[in-house]
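Visitor: Residue numbering for the sequence shown follows my numbering, beginning at -1 and increasing consecutively. Next up is a structure, given as structure tokens.
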Amino acid sequence: MQNIIVLTAFGLMVIVLFLQGISLKHLKIGIFGKPPIQKFWFVISKFSLFGTIILCNLKAIHKEPFQTNTPDYLIWSGITLIVIGCAIEIISFINLGMALKFGLPEEKTTLKTKGLYSLSRNPIYLGFFVVCIGSLCYYPNIVNLILIVTTVYLHYKITLAEEKFLEKTFGKEWEIYKNKVRRYI
């Protein structure tokens, strides 16, 4: 049961992201923008996040090599956080709609302030962070910890760079929004 929940949560997140990518491609809009930090570190941030997701999925599929003496309450806490984090990400992807990008948009865009963006300026990253905490509870090991620390640190740097871009792009509208809505929660 635990494994099915983990695989389903991550699977739904991937499906929504994939479908949104297909929609953007159909409309001839790219899903990739300009990296807000050095490209090398931007790519590492995505691979480290992907790495922790892969580890959790591998643990869910193949118990034997990923066996830990993790108490059930910690595993279930991790699963709960993974599901919550994936739900936050899925809703955030949908709220962004055609403005979804990996990186900064290079075309004209609007400031998104509705849906989860009315509660958090960075709900996708909030979802990432919740998934990371859940991942560490679900599969506590040193490799996962390193991937998670890398993910959180680099996505924090990305957040700061994106906020500079938003301030420059949207000026007063950004200032009003920033003063009204917190960075994460």
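Even for Gly, the Cβ is constructed at its ideal location relative to N, Cα and C. Please read all numbers here as calculations on a predicted model, not as lab measurements.
Please report how far the alpha carbon of W172 lies from the alpha carbon of G19, in whole angstroms.
Guide: Distance between the alpha carbons of W172 and G19: 27 Å.
Visitor: Quick one: is V4 buried, meaning 16 or more other Cβ sit within 10 Å of its Cβ, or exposed?
Guide: With 16 or more Cβ atoms within 10 Å of its Cβ, V4 is classed as buried.
Visitor: What did DSSP end up calling L102 once you bin it into helix, strand or coil?
Guide: The answer is strand: DSSP assigns L102 an E or B state.
Visitor: Identify whether K166 lies in helix, strand or coil by the three-state DSSP scheme.
Guide: Here K166 sits in helix by DSSP.
Visitor: DSSP three-state call for K176: helix, strand or coil?
Guide: Helix at K176.
Visitor: Please name the residue or residues paired with K32 in a DSSP beta bridge.
Guide: Paired residues: L102.
Visitor: Which whole-angstrom value is the C-beta distance of T50 and C130, which I expect to be below 8 Å?
Guide: Between C130 and T50 the Cβ distance is about 6 Å, and since that is below 8 Å, they are a contact.
Visitor: Kindly give me the distance between the Cβ atoms of G132 and L47, rounded to whole angstroms, as I take these residues to be in contact under 8 Å.
Guide: Incorrect: roughly 13 Å between the Cβ atoms, too far for contact.
Visitor: Going by Cα to Cα distance, which pick from W74, T108, G113 is closest to E87?
Guide: With distances taken between Cα atoms, E87 lies closest to G113.
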